[in-house]
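Protein chains in written order, with the working numbering: chain A, 1 to 126; chain B, 127 to 252; chain C, 253 to 639; chain D, 640 to 1026.
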Amino acid sequence: MNNNPYNPAVRDCFGSPDHAGTAAGGIVAFFEDQGMRIRLSANVRNSIITELRFLVWGCPHVIAATETFCRQFEGRPVAELELFETDQIMQDLAVPVEKTGRILVLEDTVRSLRAAIQDRLLSKPD
Amino acid sequence: MNNNPYNPAVRDCFGSPDHAGTAAGGIVAFFEDQGMRIRLSANVRNSIITELRFLVWGCPHVIAATETFCRQFEGRPVAELELFETDQIMQDLAVPVEKTGRILVLEDTVRSLRAAIQDRLLSKPD
Amino acid sequence: MSGAGNLIYLDFAATTPLDPQVAERMRDVQANAWFNPSSNHPGGRISTAVIKVAAGQLASLLNVNPATLIWTSGATEADNLAIMGTAKQREHRGKHLLTMRTEHKAVVDVFRALERRGFDVTWLEPEADGHLPIERFRAALREDTQLASIMHVNNETGAIQDIAAIGAVCKQHGVVFHVDGAQAAGKMPFDLTNLPVDLYSLTAHKFYGPKGVGALYVAEGTPLDPLMFGGGQQRRLRPGTLAVDLIAGLGEAAAVAAVSIERDLAHLTALREQLLAGIQNIEGLQINGPEQDGYPGILNVGVNDIEGESLLLALEPLCVATGSACNSQSQEPSYVLRALGRSDQQAQSAIRFSLGRPTTRKDIETAIKLYCRGVEKLRNLAPEAVA
Amino acid sequence: MSGAGNLIYLDFAATTPLDPQVAERMRDVQANAWFNPSSNHPGGRISTAVIKVAAGQLASLLNVNPATLIWTSGATEADNLAIMGTAKQREHRGKHLLTMRTEHKAVVDVFRALERRGFDVTWLEPEADGHLPIERFRAALREDTQLASIMHVNNETGAIQDIAAIGAVCKQHGVVFHVDGAQAAGKMPFDLTNLPVDLYSLTAHKFYGPKGVGALYVAEGTPLDPLMFGGGQQRRLRPGTLAVDLIAGLGEAAAVAAVSIERDLAHLTALREQLLAGIQNIEGLQINGPEQDGYPGILNVGVNDIEGESLLLALEPLCVATGSACNSQSQEPSYVLRALGRSDQQAQSAIRFSLGRPTTRKDIETAIKLYCRGVEKLRNLAPEAVA
Ligand SMILES: Cc1ncc(COP(=O)(O)O)c(C=O)c1O
Ligand SMILES: Cc1ncc(COP(=O)(O)O)c(C=O)c1O
């Protein structure tokens, strides 16, 4: 039997995915796994993430988790990307345990984005 | 599943068994079969059955059939006892077929009563 | 609909009317939560929430975890599921099964079917008052006994079995213990978590819930095979669209029972005393079942030498059950009363009065009058055994 | 109860609300004829009469003799009873059974259980539109085929099988023919007496009757073993207290259907056309099932590369079914759509719109708007398959 599987936070992020899209000319990370596809793109200035955008093919929890991530980290220093925690997001969005693997796809994408940004920062420091 | 097993005629005879009892000093016939017991008693004058009484241990249909018999033949000539027909009574009382055997017990008792009356008439003709 | 108005219903062990609170709850669910709980949309989720509430209500009455409850179409299905689903599953443990002669047909006929499939069933006999001595139960256990099924309250006599003691013996011997509680659930207080019972069957329509729904309690860790297949509902143990309004009705009936069982029992005890006092002077009256310590909602009595079907008709407009063959599709007089040592004659003259929450002292007065008159009438109508 | 008010329900193939006339009949029976039909007293006889009326109503809809109907708890039980009760009974005739891949789980899982017990099942594949060619059926018959089960209307696609033709072939070969009619009874006109069908399952809650009750039609002379044991009800084929109000509700739903089927079909055909016209311009839209000659109450569509669970959420407050795994307790996308040749991706993006008697043109307009918007939204949200 299904309980109501979507808490208000999920419904809000899914209903208003304000960060959906592509950061023009930004740094891109993409991951595909578990039947989900996640694409993050970011613009960075002075080590601050000035723009964070996403595209997702996936279930509502993955969409909401990715939007949540964008809401949380846009405007913050790149270094703080390390603070991203799947546990916290799983809890905030009441993600069913059987979807843990899908949220880990987001984690992989975020890690990959961080690495890509750091690569870029190293290659042309501002 | 049971339909209403008792038609109005059965309910009337069962509810008002006016001929229940024993004809004092009368001629008696008794039969026991099929788990039923039927006892008829009759007084006869001038070849007319002046009084007809019954006792029954049995189901409502047998009680009603016996009361019906008494109602029909009290006041009629002994000879007409021959006209007693189980088929007619089964039909009038809507007796379920599986109870046919029980109604035949009544037939046997009636036959035995007729024989007893005729014996008596032969032995002391009025 | 007509003709129901002037009836005096004393057949609450056969079925009960809906409690008004239950009827209201069902109407509400039919209007607002009639969705398929398996549906993954907002409607389905509303119905799923209703099922949860109902499971909580029934679980709280029985003091069990809601996850231990399987919804069925009634006690008959619950009994079949419990017994069939255990016996085959545990065939490797042994082919010996234990039950009583006085079980309901929904248990008896399942064991008969298992006998035809090669199982070996011991049919325990009760004492004359319907009660099963624990020593008799223990003595019947064998090395290869794998399942026992003993009912909680007998539907014809009201006899209560000591399921705590029987269950304890089962636990000692690794025997799975099923209890048919159709006549006890919602009617007597008990606590399944603290009883050594593995499987417990119940049905809503015996305690003012709807007909067509029941439940099987399956203690955690009790393996069970399904009776039916199809769809993933109820952990694959019982498929089919959940009848959300019926389940809500069962839950509500449990909730009503939880607060009224003690009052019901006091009420029934007083009425049964009144009834017994009113008829006990009838010559030759016998009580079929326990005189004192049975379930107080049932009083089964017989008199010698009265034909049961005629007695039943003489009692109208009283609605009561009889031990006579006309009562059922079968042709023999009550096998339950026969097992208590009653003759065919006695069994078929038996009348079961079963009282309920709506029964009044006035109903009992009328019943007394009708019964006394009916017996007298038929006695007067009967010829001596030998003319 | 809350939250049901603003839903737009287009999931009538999952379950339906009670027709008002059915609800009223059930309330009347609950109030005045709630007795146990097995009871041999005036109350019991009132309930027995109610059952008779209901049997007459259903028999008249199907054009059968009322004595051929067995009451069950729904189509799942009817399917189990029909298939299990025939296969074992006819084991001597052969162990080969015929069915389709696209049957409901209530049929599929019974055949799976029979496979585990040594029966040999041929799983027939449908055409891409869901329809089973009669030659394919005939070709699958063997000397030892004893039973075939083919559904009337498919619950996911609306595909209608030619049960007259299939049944005729069965008759020629002495094969017992069972039809799962859960999605056809009360929704399409047919005449069982003049169809070569031996067993036909149906359930009330798919045509505005109550949940928890159904029936199995058993043609005269068709031998059948029971699934459950206990008591002599229903000629020993299905024990348990008859749920008189549910059965009355099923009968009444049949009576309502008898006079409204043609109007319903016209209504549904118009609405389906409206819906299809409104969404057919969506790029890549596919119809899962027959485009034209299926049951008009069902339209199942898919679009490539949309995630089903997200689509379902985007469609709220629309209540529809999906082919995605989140729909059911199982983890795979619809096996029915897979059998039509759809990919996992396609199957899990499928949406089944199922329309009903209360559906309005306004509902369809809203559904069109929500569906078009939802697809667009999710397409805009999706990254290219390769970044
Ligand atoms: C002791 C007992 N077990 C089982 C049943 C069967 O219950 P149901 O008719 O709800 O299946 C009954 C009542 O009929 C009963 O009294
Ligand atoms: C084709 C089909 N068969 C069987 C069933 C099972 O019906 P029920 O849930 O009433 O047992 C359904 C519906 O769930 C169905 O659509």
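Quick reminder that beta carbons are idealized off the backbone N, C-alpha and C, glycines included. Note that the coordinates shown come from a computational prediction; the quantities given were computed from them, not determined experimentally.
- Just so you know, the alpha carbons of A79(A) and G947(D) end up roughly 36 Å apart.
- A straight line joining the alpha-carbon of P5(A) with that of F14(A) spans about 13 Å.
- By the Cβ test, the segment 705 to 718 of chain D is in contact with the segment 841 to 852 of chain D, since at least three Cβ pairs between them sit closer than 8 Å.
- Look at S562(C) here: in three-state DSSP terms it is helix.
- D759(D) is the residue among M739(D), L720(D), V747(D) and D759(D) whose C-alpha sits nearest the C-alpha of G733(D).
- Check the Cα spacing between L55(A) and each of A115(A), A65(A) and P96(A): the tightest is with A65(A).
- Short note on P765(D): C-beta not closer than 8 Å to any heavy atom of ligand 2.
- Any Cβ of chain A closer than 9 Å to the Cβ of L952(D) would place that residue at the interface, and such an atom is present.
- When 8 Å is used as the limit between beta carbons, S973(D) is near no residue of chain C, the shortest such separation being about 13 Å.
- Annotation for T655(D) indicates a beta carbon at 8 Å or more from all heavy atoms of ligand 1.
- Taking 9 Å as the CB threshold, L633(C) lines the interface with chain B.
- Between the alpha carbons of E208(B) and V170(B) lies a distance of about 16 Å.
- Look at the segment 35 to 65 of chain A and you find these whole runs of beta strand (DSSP E), each 3 residues long or longer: 36 to 45 and 48 to 57.
- Put simply, the segment 646 to 658 of chain D touches the segment 983 to 1002 of chain D. At least three CB pairs are less than 8 Å apart.
- In this structure A896(D) touches G825(D) by the C-beta definition: roughly 4 Å separates them, less than 8 Å.
- Of the candidates K423(C), V302(C), I534(C) and P585(C), the residue whose Cα lies closest to the Cα of E628(C) is I534(C).
- Taking G296(C) as reference, the option from E955(D), E1023(D), A1021(D) and P972(D) with the minimal CA-CA separation is E955(D).
- The closest heavy atom of ligand 2 lies 8 Å or more from the beta carbon of M90(A).
- Taken through DSSP and simplified to helix, strand or coil, G296(C) comes out as helix.
- The three-state reading of DSSP puts R604(C) in strand, counting E and B together.
- With respect to chain B, the C-beta atom of E343(C) has no partner C-beta closer than 9 Å.
- Not one beta carbon of chain A lies nearer than 9 Å to the beta carbon of E1015(D).
- The beta carbon of V56(A) falls within 9 Å of a beta carbon belonging to chain D, placing the residue at that interface.
- Rounded to whole angstroms, the Cβ separation of L885(D) and V857(D) is 20 Å, and the two are not in contact under 8 Å.
- The closest heavy atom of ligand 1 lies 8 Å or more from the beta carbon of K304(C).
- Listed along chain B, no residue sits closer than 7 Å to E514(C) by beta-carbon distance, the nearest being about 37 Å off.
- Sixteen is the threshold: when 16 or more other Cβ atoms of the shown chains lie within 10 Å of the Cβ of E408(C), as they do, the residue is buried.
- Going by DSSP, V105(A) is part of the alpha helix (DSSP H) stretching over T100 to S123.
- For S982(D), no CB of chain A lies under 9 Å from its own CB, so it is not counted at the interface with that chain.
- Put simply, the CB of R246(B) is far from chain C, with every gap to its CB atoms at 9 Å or more.
- Taking the beta carbon of E561(C) as reference, the chain B residues within 9 Å of it are P131, G184, C185, P186 and H187, listed in sequence order.
- Here the segment 395 to 403 of chain C does not lie against the segment 226 to 244 of chain B, with fewer than 3 beta-carbon pairs under 8 Å apart.
- Listed along chain D is no residue with a C-beta nearer than 9 Å to that of R114(A); the closest approach is about 17 Å.
- Residues of chain D with a Cβ closer than 9 Å to the Cβ of W286(C) are, in chain order, A643, T654, T655, P656, L657, H844 and K850.
- Residue environment: N315(C) is assigned as exposed (fewer than 16 neighbouring CB atoms within 10 Å of its CB, all protein chains considered).
- V154, F156, R163, R165, L181, V182, W183, G184 and C185: these are the residues of the segment 153 to 185 of chain B whose beta carbon lies less than 7 Å from some beta carbon of chain C, given in chain order.
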